[in-house]
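Numbering follows the working numbering, in which position 107 of the sequence shown is assigned residue number 517; successive positions increment by one, without gaps. In this text, a Cβ means the ideal position worked out from N, Cα and C, and glycines have one as well. Note that the structure is predicted; figures quoted are calculated from it, not measured.
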Amino acid sequence: MTQEKILQKYFHHTHKPPRPLQLFHEAARYIPAYKDFLKTHKVSPAKIITMKDFLSVPVMTKENYIHAYDYKSRSWNRKTKTEHMVSTSSGTTGEPVYWPRDIQTVVEGAMYHEKIFNACFDAKKKQTLFINGFALGNWIAGTFTSECCFLVSMKGYPLTTVTPGYNSGEIIRMLKELSPKYEMTIIAGHAPFLKQLIEEAVAAGIDFKKLDVRLLGTGQAITENWRTYVMKLLKSKDREHTVVNLYGSADAALMAFESPESISLRTYYATHPQKTRAQFNDERLPSIYSYDPSIVYFEDVKGELCISKYSSVPLIRYNMHDSGGLLNKHMVYLFGREKFMVKIYGANVYTEHVQHALTHAKLQPYLTSSFKLEMAYDADNNPQLICRVELTMTTQKSDELVEQVQNIFY
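Here you go:
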């Protein structure tokens, strides 16, 4: 299908992403790397007929597929001329990887953004200023978000996009000069940056009572303490529609989002730890996201989320090693990656534990919520758990603050 036809289908509400079985057979036919991958695993595409058969297809990972085959062989050999953008993964779990995308990837991203704008912000009915606060370099978040918002506005949404990138000073100027001209402002960015931005805006005299500002975050999970703190800065009491976090990656672009229903459910579990343990078989509170099964197909494979999703490098039963599972056909829960867990004296310390402590109400004004967790040994070779926290720009290190962090942490 040509780019023009894909766009026409989007604007006429008739575009339908390929279902998992269809995607599998198209990739088996047109992706050189996937042909070889299936051959290596002794899988005959002709025998994969039902969804039960599909669940026997080998799981794809960065190790056994992305790093094992070159960029060109992982792409559609019939669509090489349609790739209009290439992004880079951050490399937090290894070497950065290039990820091309075509117009169909962006169209399906725009469809997801429409769902978010309607379900969370009612943006179709409001003159909205969208401030893209993601970095605008090689990484996917900034450029992909701008492309999706452009398509959404072209479809008739009263949405105006500005792209200051990772620049809090410029965004604050926009809040002063542009936001009053709109009914609503949505600021997108990585969660720690958004917190710091809103704190700086308050210090700069922005009166959020006069502005309807919403936040669209990603990059890491947020705690309910974090959400409460930022809502207070924004002068908002609407818990389900003010701060929305996304689940995405350079590999798969946008996969899921917090909806009013998922936020309400997570808020309930945050105040009912016994229910949390019973539901998730874990003391940690996971993130809970809504998703569209027509765009991304989720599976729980041995406690990790696997996805099947169209892209210029199609992903089929792809495991990013995110711990989690399915709540129902439209919701997933996510703990994070076991790779970032630290063990000390037999106890597993997860990033969720640290986030819960560092987003305590008494610490929020002083910390950005970014941290680094590591193991070390003292002079007597005893293990020590070291947590390095980042202070806000207006906070000076002090013994009192160190003691306060330690007391809350313990």
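Cut-off 8 Å between Cβ atoms - residues of its own chain near Ala662, not counting five sequence neighbours on either side: Val706, Ile717, Lys719, Ser721, Leu725, Tyr728 and Met730
Residue-level contact to chain C via CB, Arg676, 8 Å cutoff: The chain inventory of the structure shown lacks chain C, comprising one protein chain alone.
Burial state of Arg439 (16 or more Cβ within 10 Å): exposed
Which value, in whole angstroms, describes the spacing of the CA atoms of Phe447 and Asn487? 15 Å
By Cβ distance, which residues of its chain are closer than 7 Å to Lys419, with the 5 residues on each side in sequence left out? His425
On the criterion of 16 or more Cβ atoms from any shown chain inside 10 Å, does Gln765 qualify as buried, or is it exposed? buried
For Met641 and Arg649, I'd like the C-alpha separation in whole angstroms. 8 Å
Please specify which runs of the beta strand (DSSP E), each continuous and at least 3 residues long, are wholly inside the stretch 521–580, giving them in chain order. 538–542 and 569–572
From the DSSP output, in three-state form, read off Ser808 for me. coil
State the start and end residues of the unbroken alpha helix (DSSP H) segment that holds His423. Per DSSP, His423 belongs to no alpha helix (DSSP H) and is neither H nor E.
Which residues in the same chain as Ala614 place their Cβ atom closer than 6 Å to its Cβ, once the five residues preceding and following it in sequence are excluded? Ile582
Could you name the residues that DSSP lists as bridge partners for Ile698? Tyr743
Between the stretch 522–541 and the stretch 471–482, do three or more beta carbon pairs fall short of 8 Å? no
Exposed unless 16 or more other CB atoms sit within 10 angstroms - verdict on Gly566: exposed
Considering just the uninterrupted stretch of the alpha helix (DSSP H) at Glu609, what are its terminal residues? Ala601 to Ala613
Would you kindly check if the distance between the Cβ of Leu607 and the Cβ of Ser578 is under 8 Å? yes
For Leu643 and Ala443, I'd like the C-alpha separation in whole angstroms. 50 Å
Helix, strand or coil at Asn817 [DSSP, three-state]: helix
Under 8 Å, do Ile541 and Ala611 count as touching if we go by C-beta distance? no
Does the beta-carbon of Leu585 have 16 or more other beta-carbons within 10 angstroms, so that it is buried, or is it exposed? buried
Cβ-Cβ separation, Thr571 to Phe560 (assumed contact under 8 Å), whole Å: 7 Å
Residues bridged to Ser669 (per DSSP): Answer is none; Ser669 lacks a bridge partner.
Tell me the start and end of each unbroken alpha helix (DSSP H) in the stretch 457–489 that is at least 4 residues and wholly inside, in chain order. 461–464
When you compare each of His682, Thr769 and Ile818 to Pro602 by their alpha carbons, which one comes out closest? Thr769
Which of helix, strand or coil does DSSP assign to Ser710? This sequence places Asp at residue 710; Ser is not what is there. Here Asp710 sits in strand by DSSP.
Can you have a look at Asp809 and say buried or exposed, based on whether 16 or more other CB atoms are within 10 angstroms of its CB? exposed
Assuming Phe781 and Glu762 are in contact, meaning their beta carbons sit under 8 Å apart, how far apart are those beta carbons, in whole angstroms? Their Cβ separation, rounded to whole angstroms, is 12 Å, which puts Phe781 and Glu762 out of contact at 8 Å.
Would you say Gln537 and Pro510 are within 8 Å of each other, going by their C-beta atoms? no
Using only the alpha-carbon positions, how far apart do Glu505 and Lys619 sit? 44 Å
Starting from Asn635, follow the alpha helix (DSSP H) in both directions and report where the run begins and ends. Glu634 to Leu643
Find the nearest neighbour of Leu465 within the set Lys472, Pro455 and Asn474, judged by alpha-carbon distance. Pro455
Whole angstroms is fine: what's the gap from Thr490's alpha carbon to Tyr508's? Low confidence applies to Thr490: its pLDDT is 47, below 50, so where it sits in the model is not reliable enough to give any reading.
What three-state label does DSSP hand Gly629 in the structure shown? coil
Kindly list the residues whose CB is nearer than 7 Å to the CB of Leu675, restricted to its own chain and excluding five residues on each side of it in sequence; keep chain order. Ile698
7 Å CB neighbourhood of Ser556 in its chain, flanking five on each side removed: Asn542, Thr571 and Thr573
Classify His763 as helix, strand or coil using the three-state DSSP reduction. helix
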